[in-house]
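Residue numbers for the sequence shown, in numbering that gives the first Met the number 0: 0 to 610.
Heads up, the beta-carbon is just placed ideally off N, CA and C, and yes, glycines get one too.
I have placed the structure first, in the form of structure tokens, so that the comments after it can refer back to it.
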Amino acid sequence: MKRVPSRARSHSLMRIHRLPPQLVNQIAAGEVIERPASVVKELLENSLDAGARRIRVEFEGGGARLMRVRDDGAGIARDELPLALARHATSKLDSLEDLDRLVSLGFRGEALPSIASISRFVITSRASDAERGYTLRADGREGPAEAAPVPAPHPVGTTVEVRDLFYNVPARRRFLRTERTETGHLEEVVRRLALSRFDVEFRWRGNRQPERVLPVAGDEDARSRRVAQLCGSEFAAHAIAVEAAAVGLSLRGWIALPTFSRSQPDLQYLYVNGRMVRDRRVAHAVRQGYADVLYHGRHPAFLLYLEMDPALVDVNAHPAKLEVRFRDGRLVHDFLFRSVQRALAQVRPAGASPPPPPPPPTRFDAGPDTGSGPARQGRMALTGAQAVAAYAALHPPADASMVHEAPVPAGPSGDGEVPPLGFAVAQLHGVYLLAENARGLVVVDLHAAHERITYERLKAAWDDRAAPAQPLLVPVTIEVSEREAEAAQAHGGLLAGAGLEVDRLGRGTLAVRAVPAALLGCDAQGLVRDVLSDLIAHGASRRVDELRNGLLSTMACHGAVRANRRLTLPEMNALLRDMERTERAGQCNHGRPTWVEVGLRELDRWFLRGR
0 MKRVPSRARS
10 HSLMRIHRLP
20 PQLVNQIAAG
30 EVIERPASVV
40 KELLENSLDA
50 GARRIRVEFE
60 GGGARLMRVR
70 DDGAGIARDE
80 LPLALARHAT
90 SKLDSLEDLD
100 RLVSLGFRGE
110 ALPSIASISR
120 FVITSRASDA
130 ERGYTLRADG
140 REGPAEAAPV
150 PAPHPVGTTV
160 EVRDLFYNVP
170 ARRRFLRTER
180 TETGHLEEVV
190 RRLALSRFDV
200 EFRWRGNRQP
210 ERVLPVAGDE
220 DARSRRVAQL
230 CGSEFAAHAI
240 AVEAAAVGLS
250 LRGWIALPTF
260 SRSQPDLQYL
270 YVNGRMVRDR
280 RVAHAVRQGY
290 ADVLYHGRHP
300 AFLLYLEMDP
310 ALVDVNAHPA
320 KLEVRFRDGR
330 LVHDFLFRSV
340 QRALAQVRPA
350 GASPPPPPPP
360 PTRFDAGPDT
370 GSGPARQGRM
380 ALTGAQAVAA
390 YAALHPPADA
400 SMVHEAPVPA
410 GPSGDGEVPP
420 LGFAVAQLHG
430 VYLLAENARG
440 LVVVDLHAAH
450 ERITYERLKA
460 AWDDRAAPAQ
470 PLLVPVTIEV
480 SEREAEAAQA
490 HGGLLAGAGL
500 EVDRLGRGTL
510 AVRAVPAALL
520 GCDAQGLVRD
530 VLSDLIAHGA
540 SRRVDELRNG
550 LLSTMACHGA
560 VRANRRLTLP
570 EMNALLRDME
580 RTERAGQCNH
590 GRPTWVEVGL
600 RELDRWFLRG
610 R
């Protein structure tokens, strides 16, 4: 007789049954509680939802031994304390309609019972209308340890104490990192929430270190101090303010200049309606806004607050509530991209005034619902002799290419006014321009600066003319996935606006009948595939603009003044004035800086003056 394998026998004897509530809570904790920082995040969000104005956080052993969060919020009534430890019990919504317009940070009713199921848990609270406080314990078992809350002295507000996290789930405890690593994650959570609520005082102390205090930041100066304290003084020194509004969206905050780029995306904070979120589409939009000014492999730093109708964003996308879904992701992407790009374009050397706003830039990801006008493609690219002629028309011959038609002063004028980049005094090794301004010495990389000026002029000239699509003599057939074919069909208007004429021939077959004239001769198959990939992942694509700008960047690089070319003082001053008027003049097309300033104090320090 053939024996049945033991595994098969065990499967045949399995019965469907209900899981014990305690096991259900521990499974839920696996989704919500990843590490001690997850506990502090949930507790801090509860405190903020309760209207707290002062919050204190203490932890030991990286949070594994102890986490204590105390607030002065509304508190919890005695008869509601046991309910606070029950799954799916919450004070923040009553119906599905409330979820659609949610403004609180928490809403699931899972955090406290999940935390209580994997730790030695104590909650003490006093409601604003109660004469005394009450405490309740839960030691990793089903429900509270006591039958009823016990009276305990406590001011109005709530204190939650969590000890021995994962003590009854050894497998989870083994995955915790070192105390130093877990402490870093805890402090990052406090930092994120402190950056979201300037009207709340935060105090925290970890591993018996001195307490750190963030007082309420009620005015702009106080907010700037908090940002500097949490993000670093260098970020604050290199940050520029962003403020924009359009189509039911508003954005404010700070973005760092490209000179303050990071090797890792570790200084990127985005809040949607006060909620800290992570979203690939948002990160992509901000990164695109830094195109042409960020050095390859570097990451931008930003602190941004996006406000929108709560009905247009789904916060119920993940148990940890870090991910959200936008009803119109392309609109949000385009708005963020434009806002960041415009803010960076307006940066000028201190004291310089930006030129009048240019017409709407070439856009591929803009649609009629963005409120920014129809999308249009830049003018047709030229090749060979046409490109040389176009460049020559934009820039006079070498002996005059650096000089304005209007006379440029070679030194300070009689009225004593000094331009932001000052006046040229010398050229060093045919590579650098030395200038004197009111603050000290300015050193300019001649080739990099002229390259940026030339590049921006070429882009403006291209944008002044419409770019028709160039029909292909023989359409290019592409085999794609059904999802890509559906994206091509759904975004046909966007593709046409960018000069791409794409028809769907079958379930997974596309025909490319025209490409942008500026990109004639490009890999049509690769271009369409890349564009469709962007549309699926981000709801937008700037591949056409990027390829076109790549061609213009190459032209600008070859047309810029070369090393060892000697310039006259009027030519050098003309370059300085052009830099003051040119968008993104602080970086060349490859993201490298074009100029640096050395202040008089720094020069004095070099020579030990004033000691």
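Exercise for the section: Please confirm whether ARG211 and ARG202 have their CB atoms less than 8 Å apart. Expected result: The residue given as residue 211 occupies position 212 in the sequence shown. The residue given as residue 202 occupies position 203 in the sequence shown. Cβ atoms of ARG211 and ARG202: closer than 8 Å.
Exercise for the section: Go through its chain and collect everything with a Cβ distance to ASN206's Cβ below 8 Å, but skip five positions before and after it. Expected result: For the purposes of this step, residue 206 is taken as the residue at position 207 of the sequence shown. Hits under 8 Å: PHE58, GLU59, GLY60, GLY61, GLU178, THR182.
Exercise for the section: Using the Cα positions of ARG280 and TYR133, report the straight-line distance between them to the nearest angstrom. Expected result: Taking the sequence shown and counting its residues from 1, the one referred to as residue 280 is at position 281. Taking the sequence shown and counting its residues from 1, the one referred to as residue 133 is at position 134. Using only the alpha carbons, I get a separation of about 46 Å.
Practice task
Answer with buried or exposed for GLN208, where buried requires no fewer than 16 other C-beta atoms within 10 angstroms of its C-beta.
Solution key: Walking along the sequence shown from the start, residue 208 turns up at place 209. Its Cβ having fewer than 16 others within 10 Å, GLN208 is exposed.
Practice task
Within 10 angstroms of the Cβ of MET620, are there 16 or more other Cβ atoms? Answer buried if so, exposed if not.
Solution key: With the chain covering only 0 through 610, there is no way to say anything about residue 620.
Problem - Unbroken stretches of the alpha helix (DSSP H), 4 residues or longer, contained in the stretch 501-542 - result: 523-537
Handout entry: Candidates ASN548, ASP327, ARG347: closest to ALA290 by CA position
Key = Translated into positions along the sequence shown, residue 290 becomes position 291. ALA290 has its Cα closest to that of ASN548, out of ASN548, ASP327, ARG347.
Exercise for the section: Identify the continuous alpha helix (DSSP H) that holds PRO112 and give its terminal residues. Expected result: Here residue 112 is taken as the residue at index 113 of the sequence shown, counted from 1. Its alpha helix (DSSP H) spans residues 110-115.
Exercise for the section: Sort GLY139, LEU534, ALA434 by Cα distance to LEU22 and report the nearest one. Expected result: Locating residue 22 in the sequence shown gives position 23, where the first residue counts as 1. The shortest C-alpha separation from LEU22 is found at GLY139.
Practice task
Could you work out which residue in SER532, GLU44, GLN263, VAL475 is closest to ALA510 when comparing CA atoms only?
Solution key: Position 511 of the sequence shown, counted from the start, is the residue given in the question as residue 510. The option with the nearest alpha carbon to ALA510 is VAL475.
Exercise for the section: Report the option in LEU420, GLY558, ALA468 whose CA atom is closest to the CA atom of ARG456. Expected result: To locate residue 456, count along the sequence shown from 1; it is residue 457. For ARG456, the nearest C-alpha among the options comes from GLY558.
Handout entry: Start and end residues, alpha helix (DSSP H) containing ASP48
Key = The residue you call residue 48 lines up with position 49 of the sequence shown. 35-48 is the extent of the alpha helix (DSSP H) around ASP48.
Exercise for the section: Would you mind sorting ARG506 into buried or exposed? The rule is 16 or more other CB atoms within 10 Å of its CB. Expected result: Numbered from its first residue, the sequence shown carries residue 506 at position 507. Looking at its Cβ environment, which holds fewer than 16 other Cβ atoms inside 10 Å, ARG506 is exposed.
Problem - Residue closest to VAL560, alpha-carbon to alpha-carbon, out of VAL161, PHE259, LEU432 - result: As a position in the sequence shown, residue 560 is number 561, starting the count at 1. Taking only the C-alpha atoms, the option nearest VAL560 is LEU432.
Exercise for the section: Measuring alpha carbon to alpha carbon, tell me which of THR258, ARG196, SER116 ends up nearest VAL168. Expected result: Counted from its first residue, the sequence shown places residue 168 at position 169. Residue SER116 is the option with its Cα nearest to VAL168.
Exercise for the section: Pick out whichever of GLU582, ALA73, PRO214 has its Cα sitting closest to the Cα of THR453. Expected result: Counting from 1 along the sequence shown, the entry for residue 453 is found at position 454. Out of GLU582, ALA73, PRO214, GLU582 has the C-alpha closest to the C-alpha of THR453.
Handout entry: Burial state of GLY609 (16 or more Cβ within 10 Å)
Key = Stepping through the sequence shown from its first residue, residue 609 is reached at position 610. Exposed.
Practice task
Pull up the distance between the alpha-carbon of PHE606 and that of ASN436, whole angstroms please.
Solution key: Counted from its first residue, the sequence shown places residue 606 at position 607. Counted from its first residue, the sequence shown places residue 436 at position 437. Those two C-alpha atoms are separated by around 20 Å.
Exercise for the section: Look up LEU551 in the DSSP assignment and say whether it is helix, strand or coil. Expected result: Here the question's residue 551 lines up with position 552 in the sequence shown. Residue state, collapsed to three classes: helix.
Exercise for the section: Could you tell me which residues DSSP puts in a beta bridge with PHE120? Expected result: On the sequence shown, position 121 is the one that residue 120 refers to. DSSP output for PHE120 lists ALA137, VAL161 as bridge partner(s).
Exercise for the section: Grab the span of the alpha helix (DSSP H) containing ARG190 for me, first residue to last. Expected result: Stepping through the sequence shown from its first residue, residue 190 is reached at position 191. ARG190 -> alpha helix (DSSP H) spans 178-195.
Handout entry: Identity of the residues DSSP links to ASP71 by a beta bridge
Key = Residue mapping note: residue 71 aligns to position 72 of the sequence shown, counting from 1. Looking at the DSSP assignment, ASP71 forms no beta bridge with any residue, so it has no partner.
Handout entry: Limits of the beta strand (DSSP E) - the one that ILE54 falls within
Key = Your numbering for residue 54 matches position 55 in the sequence shown. Unbroken beta strand (DSSP E) run through ILE54: 53-59.
Practice task
Would you identify the three-state DSSP class for THR258, choosing helix, strand or coil?
Solution key: By 1-based counting over the sequence shown, the position of residue 258 is 259. THR258: helix per DSSP, three-state reduction.
Problem - Cβ pair LEU266, ALA300 closer than 8 Å - result: For this step, residue 266 is matched to residue 267 along the sequence shown. For this step, residue 300 is matched to residue 301 along the sequence shown. For LEU266 and ALA300, yes; Cβs fall inside 8 Å.
Exercise for the section: Indicate whether VAL312 and LEU248 have their beta-carbon atoms separated by less than 8 Å. Expected result: Within the sequence shown, residue 312 is the residue found at index 313, counting from 1. Within the sequence shown, residue 248 is the residue found at index 249, counting from 1. Against a cut-off of 8 Å, the Cβ pair of LEU248 and VAL312 comes out as no contact.
Problem - Three or more C-beta pairs below 8 Å linking the stretch 62-81 and the stretch 223-231 - result: no
Problem - For ARG378, the three-state DSSP class (helix, strand or coil) - result: In the sequence shown, counting from the first residue as 1, residue 378 sits at position 379. In this predicted model, ARG378 has a pLDDT of only 30, less than 50, meaning its place in the structure is not dependable; the value taken from the coordinates is given anyway. Correct three-state label for ARG378: coil.
Exercise for the section: Use the C-beta contact count for ILE26: other C-beta atoms within 10 angstroms, 16 or more gives buried, fewer gives exposed. Expected result: One-based indexing of the sequence shown puts residue 26 at position 27. That one is exposed.
Exercise for the section: Flag this pair as yes or no: are the beta carbons of LEU526 and ALA486 separated by less than 8 Å? Expected result: Looking up residue 526 in the sequence shown gives position 527. Looking up residue 486 in the sequence shown gives position 487. It is not a contact, given that the beta carbons lie outside the stated cut-off.
Problem - Buried/exposed call for VAL427, threshold 16 Cβ in 10 Å - result: Stepping through the sequence shown from its first residue, residue 427 is reached at position 428. First, the amino acid is wrong: residue 427 is Leu here, not Val. Looking at its Cβ environment, which holds fewer than 16 other Cβ atoms inside 10 Å, LEU427 is exposed.
Practice task
Tell whether a beta-carbon distance below 8 Å holds between GLY492 and GLU596.
Solution key: The residue you call residue 492 lines up with position 493 of the sequence shown. The residue you call residue 596 lines up with position 597 of the sequence shown. For GLY492 and GLU596, no; Cβs fall outside 8 Å.
Exercise for the section: Alpha carbon to alpha carbon, how far is HIS537 from VAL159? Give it in angstroms, no decimals. Expected result: Here the question's residue 159 lines up with position 160 in the sequence shown. Here the question's residue 537 lines up with position 538 in the sequence shown. Rounded to the nearest angstrom, the two C-alpha atoms are 40 Å apart.
Problem - DSSP beta-bridge partners of ARG204 - result: As a first step, residue 204 must be located in the sequence shown, where it is residue number 205. For ARG204, which the question treats as bridged, DSSP gives the partners GLU57.
Practice task
Quick one: grab the DSSP three-state call for PHE363.
Solution key: Indexing the sequence shown from 1 puts residue 363 at position 364. Legend: pLDDT at PHE363 = 31, less than 50; position of this residue unreliable, value from coordinates given subsequently. In this structure, PHE363 counts as coil in the three-state DSSP scheme.
Problem - Straight-line gap, SER195 to GLU33 (C-alpha atoms, nearest Å) - result: One-based indexing of the sequence shown puts residue 195 at position 196. One-based indexing of the sequence shown puts residue 33 at position 34. SER195 and GLU33: Cα-Cα distance of roughly 22 Å.
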